[in-house]
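Before any comments, here is the structure.
Residue numbers (the UniProt record's numbering): 1 to 579.
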């Protein structure tokens, strides 16, 4: 054997050994970096990108070919490494199988073994379009370099020497380098509001847009408002939102949703709300009726009867006469005057028992008069409601309808199916969401409205300049007690992980609550959400003639009765004289 032949053989054997050891070293290094617990292999039956020894790293291996699609996320830990062998013929099928198997967790670290005929740039562009950013590639038999790509602000293929790598998968979404995040603006008070500035250009404000703007700043970028996708009425429609998110036409719609994870893979919870009914405040009892709202009158009447009975029999007992069941003195001059806290003539030469009874009579008059005065003063200052709406039946009795937008009927039906259908007659469903929002924001008292605990504080502040609120929260009619709200996004969104971390940080720092509290002042300053003013609803006023109407009826009726009785007495007396 010649010296040249021997040298070539030694070099070939050394290269083969280096290739095997290098591939194992790569897998070991990846295992240390991303801590995967299993390997997902995808290859054609004829592929030979690796040998059994290349994969000897002591962890489970899931071996599939390009024709197999397996829902890995439902059966295995998602902490895995995807390893795909792409030859010139079956590469497209293998990649389709890879996308299908990694659906909903395409942030999985992936290593592609490609042939030298593969266009690396086109392959990485396809990975980017399928939201796979953690992708490495080994090109052909070359084990000196490894390939990856930077996704932002534009696709850039990176070639790095294996011996110089300190980190294989660089975080890409932490710095978007100006690559804008696309959102669809909507008007949903108080979260967001679209308006036009002095130049007639559309602008948007609200605490939710502030939340997303800060999210964009944290990633070194800005928001891209997709105005062409905003509907003419500027309010979201569920079907359209679902379609645009699923088709990846945007990154985030400017809404919060309580939908199930399908068709969204929801973010972390931004708000925990509930859905309840607000009602027009019931009218007060008229002041003219308050004079007869004496509480405890049965006890006072019993006391009057007892004192009258004792007082009527005291003189009989002192004279040695028997006790009789007579209440004739209750309308006598002494008892009636004393109970009404009026003066009366104190009889002379009273016994000790009768003196004690008169003292008790005066004390009872003071107690009753004081109680009645205090009770009446309280009722005049804070009169009770004439009636209370506590159920759907009360809504029917008072002919009050619950206004509901047609768009919300699906949610109402899903959360209160039985009650919703049983009480359908108490709802008035209108097709226009804009009209519904306008009436609710204006606090139109012709209807009751379903609201969330997010909107209700704003409506309470809106009524803060009124002497008396015109709407109240119903404690009895509740549509949804626990309603977690999330930001819908595509199930394979590249922003999911950093967005969830951002949500946790804003809540922990109090920023989300700060933006929420500041949003009302901002809307008021812009003239888009004003304080309610006094209109035709009840307000406090000094006592007027009408407030004494029943008192006047009693007074005039009593006076006329006395005059009539006096005339009758004169006629009877005159008749007796003539006879």
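Just so you know, even glycine gets a beta-carbon here, dropped at the ideal spot from N, CA and C.
_Please identify the residue among 496, 563, 522 whose C-alpha is closest to the C-alpha of residue 219._
496
*Nearest CA to the CA of residue 205: which residue from 251, 567, 526?*
526
*asked:* I need the DSSP call for residue 143, collapsed to helix, strand or coil.
replied: coil
*For residue 64, which residues does DSSP report across the bridge?*
42
*Between residue 470 and residue 445, which are expected to be in contact by the criterion C-beta below 8 angstroms, what is the C-beta distance as a whole number of angstroms?*
6 angstroms
*Using 10 angstroms around the beta-carbon of residue 396, count the other beta-carbons present and answer buried if the total reaches 16, otherwise exposed.*
Residue burial annotation: residue 396 is exposed, with fewer than 16 other C-beta atoms found within 10 angstroms of its C-beta.
*Output the distance between the C-alpha atoms of residue 284 and residue 235, rounded to the nearest integer angstrom.*
37 angstroms
*Between residue 36 and residue 210, what straight-line distance do the alpha-carbon atoms span, to the nearest angstrom?*
37 angstroms
*Does the beta-carbon distance from residue 180 to residue 133 come in below 8 angstroms?*
no
*N-terminal and C-terminal residue of the beta strand (DSSP E) that residue 476 is part of*: 471 to 486
*Taking the CB atoms as reference points, tell me whether residue 278 and residue 456 lie closer together than 8 angstroms.*
yes
*Is residue 128 closer than 8 angstroms to residue 498 when the C-beta atoms are compared?*
no
*asked:* Quick check: the Cα distance between residue 552 and residue 289, rounded to an integer number of angstroms?
replied: 12 angstroms
_One or two residues paired with residue 271 in a DSSP bridge_ = In the DSSP output, where bridge partners are listed per residue, residue 271 has 485.
*Look up residue 287 in the DSSP assignment and say whether it is helix, strand or coil.*
helix
*Have a look at residue 160 and residue 154 and give me their C-alpha separation to the nearest angstrom.*
19 angstroms
*Could you spell out where the alpha helix (DSSP H) holding residue 55 opens and where it closes?*
Run containing residue 55: none; DSSP gives neither H nor E here.
*Can residue 459 and residue 443 be called in contact, C-beta distance under 8 angstroms?*
yes
*Simplified DSSP state of residue 161, which is helix, strand or coil*: strand
*Got a sec, what are the start and stop residues for the alpha helix (DSSP H) residue 365 sits in?*
352 to 381
*Spell out the partners DSSP gives residue 428 in its beta bridges.*
403
*The alpha helix (DSSP H) enclosing residue 496, as first and last residue numbers*: 496 to 509
*Tell me whether residue 95 is buried or exposed, calling it buried when 16 or more other Cβ atoms sit within 10 Å of its Cβ.*
buried
*Which class does residue 557 belong to by DSSP, given the choice of helix, strand or coil?*
Residue state, collapsed to three classes: helix.
*Sorted by chain position, which residues of the same chain lie with C-beta nearer than 8 angstroms to residue 244's C-beta, five sequence neighbours on each side aside?*
184, 229, 250, 253
*Beta-carbon contacts of residue 362 that lie in its chain and below 7 angstroms, excluding the five residues immediately before and after*: 338
*Counting only runs of 4+ residues fully inside the segment 219 to 243, write out the alpha helix (DSSP H) ranges in chain order.*
Those alpha helix (DSSP H) runs which fall completely within the segment 219 to 243 and span 4+ residues do not exist here.
*Nearest CA to the CA of residue 453: which residue from 403, 516, 43?*
516
*Can you give me the start and stop residues for the beta strand (DSSP E) that residue 452 sits inside?*
447 to 452
*Alpha carbon of residue 125 to alpha carbon of residue 158, nearest angstrom*: Their Cα atoms are separated by approximately 13 angstroms.
*Using 10 angstroms around the beta-carbon of residue 580, count the other beta-carbons present and answer buried if the total reaches 16, otherwise exposed.*
No answer is possible for residue 580: it lies beyond the span of the chain, which begins at 1 and ends at 579.
*Which residue comes first and which comes last in the alpha helix (DSSP H) that contains residue 460?*
456 to 462
*asked:* Between the alpha carbons of residue 150 and residue 156, how many angstroms are there, rounded?
replied: 5 angstroms
*asked:* Judging by CA-CA distance, which residue of 491, 293, 38, 182 is the nearest neighbour of residue 267?
replied: 491
*asked:* For the segment 163 to 171 against the segment 189 to 201, do three or more pairs of beta-carbon atoms, one drawn from each stretch, fall closer than 8 angstroms, so that the two count as touching?
replied: The segment 163 to 171, when compared against the segment 189 to 201, does not touch it at the 8 angstroms Cβ threshold.
*residue 190 beta carbon near the ligand COA (any heavy atom closer than 7 angstroms)*: Questions concerning the ligand COA fall outside what the structure shown contains, since it holds no ligand whatsoever.
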